[in-house]
Every structure is written in structure tokens, then in C-alpha cells.
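Below you'll find the structure, written out as C-alpha cells, and then a few comments.
Number of protein chains: 2
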Amino acid sequence: MHRIYFDNAATTSLAPEVLEAMMPYLTEKFGNPSSIYSYGREARMGIENARKSVAKILHAHPSEIFFTSGGTESSNTAITASVRDLGCRHIITSPIEHHATLHTVQHLYKESKVKLSYVKLLSNGHIDLADLENLLATATQKTLVTLMHANNEIGNLLDIKKVGELCKQYNAIFHSDTVQTVGHLPFDLENTHVHFITGSAHKFHGPKGIGLFYINRDVSIQPHIHGGAQERNMRAGTENLYGIVGFAKALEISTENYEADSAYILSLKQYMQQELIKHIPAVTFNGDVNGKSLYTVLSANFPQTEKSEMLLYNFDINHICVSGGSACSSGASQGSHVLQAIYDNPDFVTVRFSFCKHNTKEEVDEVITMLKTLL
Amino acid sequence: MHRIYFDNAATTSLAPEVLEAMMPYLTEKFGNPSSIYSYGREARMGIENARKSVAKILHAHPSEIFFTSGGTESSNTAITASVRDLGCRHIITSPIEHHATLHTVQHLYKESKVKLSYVKLLSNGHIDLADLENLLATATQKTLVTLMHANNEIGNLLDIKKVGELCKQYNAIFHSDTVQTVGHLPFDLENTHVHFITGSAHKFHGPKGIGLFYINRDVSIQPHIHGGAQERNMRAGTENLYGIVGFAKALEISTENYEADSAYILSLKQYMQQELIKHIPAVTFNGDVNGKSLYTVLSANFPQTEKSEMLLYNFDINHICVSGGSACSSGASQGSHVLQAIYDNPDFVTVRFSFCKHNTKEEVDEVITMLKTLL
């Protein structure tokens, strides 16, 4: 079956080279990394080499790199620990964050542990940095700012350095959900004022079930999961050995080929945008699509008609994989909290196309042809 | 290199059939299980079939089965939720629990959220059930009992049905860390009064980084990790698809061959015990070794001498993999909290041998020969 997969922001295929790097640990090198004998030491070495490699790529220190079960666990840990261990009594976030952030801050709010402020959005979906500064300047309690680096539904990019500087100025803790950008954009953590970032290998051709948690060495927190002394007492539980090795390998590959791959993927996004404008009347795009936007994501709006409402269904039966909002809201009937926050009452059908290096112009052409037929 | 791996309570090799079952999901079936199109649905089907299979084997309902990143996360979730959501203000545990339990209850105790009671141990390391009943009978607040099914260091088995009946009688919540028994012993959860059990695939030839969390349908709790709606809102984060498929396959294999495998492994344990007694003067064994004991674990004590103190080191250079206490305390110099709790001041060198179906009598013979030389 010929499938077109334009949903790479939901998950990506595992790179064969990554699987190859994982295979020794899925077969003969199966030791428990906490064991001191040979089997354990070779497993431990796999983990520590992965940590060093990830740290080097992100310009961090290996002692700042932790492995978790995924971006969601990392964000939960960062936010919960900022309140429990770092004294934050006020959280500033935005209404377009991922649910890993929103549901965690709302849980803390319901437990009466924090005051909660939502920063205003500009009409193009960007964070209103003037409002953020105003919130920070008027805050009376220690504050956590949690804002995502790239929005997973519309692709808008936050100026993470600028937000970091604001947080530094107002002595706030800064957590950024970087799940859509780790493995997609270069990081220079040494020169970025951020306390916590997160990552998920399956967003950049790595395995599922393994995440990154960066903790800046200036802060000290307690674990979210207690138990054994793994991850230097920061994350208990026998390590997901192959996942960790796969995370590092996937990040290495994406870093090596960043210039060429990102330029190519951007050209696909631009081509798709241009073809949509050419062939689909009244199509519009979400977010700052030609400005500060992730090169992988194109979120398009189609006027609401009987035909467009069947769009996701028809894409599916034609073996085209796309999302409504994010993977969690793929059903056409489910509303997107992101679009709801940006538009008062969105009256169009939104499709998120998200690309990877394996996609082609020919696939874009096929999808455009299909769209012309369907609409 | 010829290695003898007698540390199967720390971790096990991944079964080739399990890896084979995982491979389609590591290659072409890479969809996000939350996506509604074809790729997503085939991933979703993999997860739901795994859930049904696990539920059937454990005599539970599929809606009671959740997948987490491991046994440690499952125990953290159970214990934390019992306090936060089920009103438990008193925890009864034992001093020989796994750190996933002990460090979690101690964290809650330090946060002044619970009263903490440690049940007495009998001289053979078993839980004193009369003391447990006394603690339950005199409890003035809603109580959580958290006691492990099989001790990972000495192999003692808890009468989980009996403890469940006591908890029922005194209206207590019961969590059992069953990481050493899921995949090793049959379960009949329908007829066991337990609210939470846990499991870890890598303890029975499944993959690392994937755990079981059973929540009895009579209780309703909030998640430990907030975010997306995965696992019916109980555990957020893109699912570890291959891990889940691998968990179910490993459990199926272990269940199919339970009678033969457990009898064979028990024969190895008994043979090793008998040979140790025959050849090593003054050797003793921890726990109820010939009574209620897991067939996989044999914990032996050697009189403390200059030679025995180098035992683990010498085992290692001879490519024999064993533990001191558990994997987390493999270093000879680290004390075991389990042995410390049972003996006042243990003055011997303890080695945990733990077996699997791939071990042989010949390997036992080799280890005995080695021991005779070393001591």
C-alpha cells in the first residue's frame, strides 16, 4: 500500500541506523546498567556515552542531561519540582501549550499550590512578550515561566533566548517544552538562560518511550519518580538502555545533516503552501507561517463546507496521514485548544501537514491533486 | 567470551521471539497510536491486543491494565495516589521493600502527608502477619499496606491472598510490588483482594523501559504523569509501542511454559544449594529458602574472610555475573538494607544467584568449582 505520511510532528519512523545502534543492546548487551560486572559495565558505558554525546550536541554538561520515558514525563518533573523544590508559587504559561504542560499546571492550580497566569497571544499566535514582561514585573511571588519552544499544532517559534533573558531579569525559573525542536534545531544551552528543557526521540526518527530532561546545573530538584539510584538519583527505575542509545544516535544523525535536511524540508513546506494557495480557493494558514515558524509544520485552514468536513476521513481512505490539530486531536470532530485560543470561534477545517526528510515534492503534488478532487 | 549469567533477578536477556514481535513496530508500523488514520490504528491495535492478552493472563479486566515506563513508576503512582486520591493517611510497609517503595513512602512521610509503620519481620525474613494484623486493627486512619510479593534479594514470597484478606477486613488499600513475580508466577487478580500490582518486562525476558500497572476497578485515581489522553487519561505521553507489544509477548511466553520452566529453574536452585552445602564450609542461606520462596532466587552467605570479600570481584574477572544484594547494591562494599533489617549486623559476604531457563547444571558446576578455588 502506498502511503503518504505528512504527520511527522505526531511521530516519525525509526531510522534504520538508529535501530542498528540499538540492536546490540536488544540482543547480547542486555546487562542491568547498575550491575558492576562486565554485562553491567558495557550497558552503563552505552548510557554514559549517549549522555556525553547529547550534552555535546546541546552545548550542555553531561551532568545536566537526564533520560526519562518521554517529553511528557520531563515536563511534569520540571513543573512539579519548580513548585515543590524551587519555591515557585506563581506559574506563567500560555493557553496554547501542550497538554503535558497545561494539565500539569492546572493540576497544581487545583491543588491550590500556585497562582496561574496565562500570557496574552498576538493575532499570529505568538506570545505577547510585552505582556509576559508585564506579568513578570508585577509578580509578587517566585515565578515559573513555562512556554514551549515550537508550537506543535501551528509551528510558531518562541524566541527562547529573549524569554530566557526576561526570566533572568525578573529572577524567574524558566521551563521550555522543546519536544518539537530538539533534533530539529541547534541548541546552545550554555548561552541560553533556561532551567529545564525536554525532548522526545520519536519526534526525530528515534525510538518511542525515551525522553530528554535537561536540568541546568544552577538548580537542584528532587525526582518525580523515587526508587533506585539511577540517573544520579534523579530518575529511578532500570534504564531504558536501547532507548537511551537510540536517542543519542537519532540526535547525532539529525545534527550531522541539519543544514541540508532543514533546507530541504523547508522547501517542501513552502512548496506545499504555494501549491495550496494556487489551487485551493480561500485557504489560509495558521501562525507566523512565513516568519518565526518551524520548518516542519504547515497548518492550513479550509473553508467549512460539507466536503471539507470530510477531509480527514477522505485523506485516510486515500492513505494520506495528516492531523487535525495534534495527534491527540486527530479526529475532525475534536476541537483544538490551540486554535480556539487564537481565534475566537474557528469556522474552518484545519489540517496540519508536518514533513520530514523522507517526504518528496511528488507527494505534495499527490496531496494537492487529491485535495482538488475532494474539495 | 564465555559468560555465566546468574543475575536474572536484576535483568534478563530479551527473548528473540519477543524482539521478533516488536520488530514490525520498530520498522513499518511506526504510527502514533493516538492518530486516527491507518498508521495510528494499527499501532493502537497493537497496544489494545497487548492489553487484552495481559489482562487475560492475570485474570483481570483490560480496563484494569495500564502500561507505564516500569515497575518503579507504577509503584510511585500507586503509593502517591493512595495518599492523594484515596485518603490514606497511614502507610504500613516493611523495611525490606524495594527502594521504589521505601523511597516513595519516606518522601511522603517527610512531606508530613502520612504516618509510617514498619511491620515486624520473622527471623526468616517473612512478614510477621500477626504484627500486620495488629497494626491494621489499631490503625486510626485510612491505611495503605504496601508489601512486595517476592523479595528481590532473598526471594521470600508473601502470602498475597492472605494479606489481601486482612486488608479487606480492615478496609485498607493494598499495593503489592510484584515486579519479581509477574511473568514468574500465575496470578488470579479476580480472586485476590489487591488494589495495585506492578510489573517490569525486563525481569522475564521482555524489553526494558516498559512496566505494568494494575488498578483494581474498585478504586479511581488520578495520574502521576499529566498530559495527553493516553492510557485512558491515566498515563500521559506517546505510548512505548514496541515496549507494550514486547511486554505482552514476554508474558505470553512465560505463561505458556510456566510449569516446565519453573520446575527446571527450581531444580537448578536446589542443585546449587545442595552443591554449596556439599563443598563450601559454613555456607548459609537467606530467607525461607526451602519454604515460601521464589524458585529463581538463591541468596547465600559466605563467612567473612579476606578471600570471600574479594568474591564478587573475582566472579567478575572470571565472567560470572552475580549480585551482592540487588542490582543496585552489586558493589561488595555497599550494604544491603534487606540483610541489615533481617540480621542485626550481618558479618558474612552475601551473593545472590538468580536463575532463568537458559541456565544449566553445568554452569552451576562451573561456579561451584570456581568458588572452591576462590575460597
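Going down the list, the sequences are from chains F and V.
Start counting the first sequence at 1; every next residue gets the next number (the working numbering).
Start counting the second sequence at 1001; every next residue gets the next number (the working numbering).
For each residue, glycine too, the CB sits at the ideal point set by N, CA and C.
In DSSP terms, what residue i is bridged to
i, result
"F:Val114", "DSSP, once it has assigned bridges, lists no residue as partnering F:Val114."
"F:His175", "F:Thr146, F:Phe196"
"F:Leu276", "In DSSP, F:Leu276 forms no bridge with anything."
"F:Asp344", "F:Asp344 is not bridged to any residue."
"F:Asp7", "F:Ser354"
"F:Asn156", "F:Ser293"
"F:Asn301", "F:Thr284, F:Thr350"
"V:Cys1321", "V:Tyr1005"
"F:Leu185", "F:Val182"
"V:Gly1211", "V:Thr1068, V:Ser1200"
"V:His1090", "V:Lys1115, V:Thr1143"
"V:Leu1121", "V:Ile1127"
Identity of the residue in the options nearest residue i by Cα
i, options, result
"F:Ala9", "V:Asp1159, V:Val1163, V:Ser1034, V:Lys1115", "V:Ser1034"
"F:Phe67", "F:Val322, F:Gly46, F:Ser82, F:Gly87", "F:Gly46"
"F:Gly324", "F:Leu298, F:Ala139, F:Ile221, F:Asp261", "F:Leu298"
"V:Phe1213", "V:Val1054, V:Phe1006, V:His1319, V:Glu1020", "V:Val1054"
"F:His205", "F:Asn240, F:Tyr242, F:Val182, F:Ala250", "F:Ala250"
"F:Lys161", "F:Leu102, F:Asp188, F:Glu256", "F:Asp188"
"F:Ile280", "F:Leu129, F:Gly287, F:Met272", "F:Met272"
"V:Lys1115", "V:Thr1255, V:Leu1135, V:Thr1027", "V:Leu1135"
"V:Ser1013", "V:Ala1201, V:Glu1231, V:Ile1368", "V:Ala1201"
"V:Met1310", "V:Thr1101, V:Thr1296, V:Ala1137, V:Met1370", "V:Met1370"
"F:Ala137", "F:Gln106, F:His90, F:Ile36", "F:His90"
"F:Thr80", "F:Thr143, F:Ser254, F:Glu165", "F:Thr143"
"F:Pro24", "F:Phe302, F:Ala100, F:Tyr242, F:Lys372", "F:Tyr242"
"V:Cys1167", "V:Asn1151, V:Ala1130, V:Pro1186, V:Gln1180", "V:Ala1130"
"F:Leu132", "F:Val182, F:Glu153, F:Ile154, F:Ala172", "F:Ala172"
"V:Asn1318", "V:Asn1286, V:Leu1374, V:Ser1117", "V:Leu1374"
Contacts of residue i in chain V (Cβ-Cβ under 8 Å)
i, result
"F:Leu166", "Correct list: empty, because the minimum Cβ distance to chain V is about 26 Å."
"F:Asp85", "The premise fails here: F:Asp85 is roughly 11 Å from chain V at the closest Cβ pair, so nothing lies under 8 Å."
"F:Leu19", "Leu1026, Thr1027"
"F:Leu14", "Leu1026, Thr1027, Phe1030"
Within chain F, partners of residue i - CB distance below 7 Å
i, result
"V:Gly1046", "What V:Gly1046 touches in chain F: nothing, since even the nearest Cβ is about 12 Å away."
"V:His1107", "His226"
Counted within 10 angstroms of its Cβ, other Cβ atoms place residue i as buried (16 or more) or exposed
i, result
"F:Gln274", "exposed"
"V:Ser1329", "With a pLDDT of 45 at V:Ser1329, under the threshold of 50, the modelled position of this residue cannot be trusted, and the question is left open."
"V:Leu1291", "What sits at residue 1291 of chain V in the sequence shown is Gly, not Leu. V:Gly1291 should be labelled exposed."
"F:Ile127", "buried"
"V:Gln1169", "exposed"
"F:Gly70", "buried"
"V:Ser1293", "buried"
"V:Asn1233", "exposed"
"V:Gln1304", "exposed"
"V:Ala1229", "exposed"
"V:Ser1063", "exposed"
"F:Pro223", "buried"
"F:Asp308", "It is worth fixing the name first, because residue 308 of chain F is Ser in this sequence and not Asp. It is buried - the Cβ of F:Ser308 has at least 16 other Cβ atoms within 10 Å."
"V:Ser1123", "exposed"
"F:His358", "exposed"
"V:Arg1352", "buried"
"F:Ala300", "buried"
"V:His1059", "exposed"
"V:Pro1379", "This structure gives no information on residue 1379 of chain V, because the portion of chain V shown stretches from 1001 to 1375."
beta-carbon residue i near the ligand SAH non-hydrogen atom, thresh 7 Å
i, result
"F:Asp188", "In the structure shown, the ligand SAH is absent, as is every other ligand, since no ligand is present at all."
Chain-ordered chain F contacts of residue i [CB-CB under 8 Å]
i, result
"V:Arg1003", "Ser38, Tyr39"
"V:Thr1316", "It is worth fixing the name first, because residue 1316 of chain V is Asp in this sequence and not Thr. The contacting residues are Ile36, Tyr37, Ser38."
Per-residue contacts from residue i into chain F (C-beta, under 9 Å)
i, result
"V:Ile1221", "The contacting residues do not exist; V:Ile1221 stays about 13 Å from chain F at best."
Amino acids of chain V, ordered along the chain, whose beta-carbon sits closer than 7 Å to that of residue i
i, result
"F:Ala319", "A quick correction: the sequence has His, not Ala, at residue 319 of chain F. Residues of chain V passing the Cβ test: Ser1038."
"F:Ser323", "Ser1035"
"F:Asp7", "Ser1035"
"F:Gly243", "Gly1209"
"F:Ala10", "Asn1032, Ser1035"
9 Å Cβ cut-off: residues of chain V touching residue i
i, result
"F:Leu116", "None at all; the shortest Cβ gap to chain V is about 14 Å."
"F:Asn151", "Per Cβ cutoff of 9 Å: no residues; F:Asn151 is ~15 Å from chain V at best."
"F:Ala100", "Ile1225, His1226, Gly1227, Gly1228, Ala1236, Gly1237"
Min CB distance residue i to chain B below 8 Å
i, result
"F:Glu64", "Absent from the structure: chain B. Protein chains present are F and V."
Give a yes or no on contact between the stretch 1186 to 1198 of chain V and the stretch 1263 to 1271 of chain V, applying the rule of three or more CB pairs nearer than 8 Å.
no
Check whether the stretch 233 to 250 of chain F and the stretch 111 to 120 of chain F touch, using three or more Cβ-Cβ pairs below 8 Å as the test.
no
Segment contact flag, the stretch 1169 to 1179 of chain V with the stretch 1146 to 1158 of chain V, C-beta cutoff 8 Å, min 3 pairs
yes
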